[in-house]
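A.B. asks:
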Amino acid sequence: MSTLKISKKKLKAIVFTDIVNFTQLSADDEQHAVDLIDKQNEIIRPIVEKHNGEWLKEIGDGLLLSFDSSIEAVRCSIEIQKTLKDVDKLSIRIGIHQGDIILKDGDVFGDDVNIASRVESFAPVGGISISEKVHQD
Numbered sequence: 101m102s103t104l105k106i107s108k109k110k111l112k113a114i115v116f117t118d119i120v121n122f123t124q125l126s127a128d129d130e131q132h133a134v135d136l137i138d139k140q141n142e143i144i145r146p147i148v149e150k151h152n153g154e155w156l157k158e159i160g161d162g163l164l165l166s167f168d169s170s171i172e173a174v175r176c177s178i179e180i181q182k183t184l185k186d187v188d189k190l191s192i193r194i195g196i197h198q199g200d201i202i203l204k205d206g207d208v209f210g211d212d213v214n215i216a217s218r219v220e221s222f223a224p225v226g227g228i229s230i231s232e233k234v235h236q237d
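Each residue of the sequence shown is one higher than the last, beginning at 101 in the numbering used here.
See the structure below:
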């Protein structure tokens, strides 16, 4: 029997990011890989704030973000990719899905969070992949 009690359930646009080839970068130069994560966060955080996004958590070399609007999530993602295209060795993939997230004890759960993660894996290097729900919005 699960003891997880849902604190809050919210409809959000969910954004997942992931640095391309991070495992190889880490193997080649661990310090540079760590520096890339810091640089990614330094560049992306103000863009997310500008688009009224919420920085939910960092997952290894990836980020989990949420937005009240799918349109704002897409605009933010486009700006992120345009900004990062000139940053050496910092290529990311972005996936966007819209659905319910469950907030509990500072963490985020839900099937729609998992879907957003899977959508990200379909994005090309330096690109954005969106789910059908986001496309319809």
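Note that CB positions come from ideal geometry on N, CA and C, so glycine has one too. These numbers were taken from a predicted model, which means no experiment stands behind them.
With distances taken Cα to Cα, identify the nearest neighbour of Ile228 among Gly199, Lys139, Ser217 and Gly195.
C.D. replies: It is Gly195.
A.B. asks: Give me the residue from Arg175, Ser166 and Val187 with the minimum Cα distance to Lys109.
C.D. replies: It is Ser166.
A.B. asks: Going by DSSP in three states, Ser177 sits in which element: helix, strand or coil?
C.D. replies: Three-state DSSP puts Ser177 in a helix.
A.B. asks: I need the boundaries of the beta strand (DSSP E) containing Asp161, first residue and last residue.
C.D. replies: From DSSP, Asp161 is part of no beta strand (DSSP E); its letter is neither H nor E.
A.B. asks: So, are the CB atoms of Ile144 and Leu163 less than 8 Å apart?
C.D. replies: Going by C-beta atoms, Ile144 is nearer than 8 Å to Leu163.
A.B. asks: In this structure, does DSSP put His151 in helix, strand or coil?
C.D. replies: His151 falls in the coil class under three-state DSSP.
A.B. asks: Does the beta-carbon of His197 have 16 or more other beta-carbons within 10 angstroms, so that it is buried, or is it exposed?
C.D. replies: Buried, because 16 or more other Cβ atoms sit within 10 Å of the Cβ of His197.
A.B. asks: Would you identify the three-state DSSP class for Phe122, choosing helix, strand or coil?
C.D. replies: Note: Phe122 maps to helix in three-state DSSP.
A.B. asks: For Phe116 and Gln124, I'd like the C-alpha separation in whole angstroms.
C.D. replies: Answer to the nearest angstrom: the Cα atoms are 20 Å apart.
A.B. asks: Would Ser221 be called buried (16 or more neighbouring beta carbons within 10 Å of its own) or exposed?
C.D. replies: Under this definition Ser221 is an exposed residue.
A.B. asks: What does the Cβ neighbour count give for Ala113, buried or exposed, with the cut at 16 atoms within 10 Å?
C.D. replies: Buried, since its Cβ has 16 or more Cβ neighbours within 10 Å.
A.B. asks: At what residues does the beta strand (DSSP E) containing Lys204 begin and finish?
C.D. replies: Segment Ile192 to Lys204, the beta strand (DSSP E) holding Lys204.
A.B. asks: Can you tell me where the beta strand (DSSP E) with Ser221 in it begins and where it stops?
C.D. replies: Here Ser221 belongs to no beta strand (DSSP E), and DSSP marks it neither H nor E.
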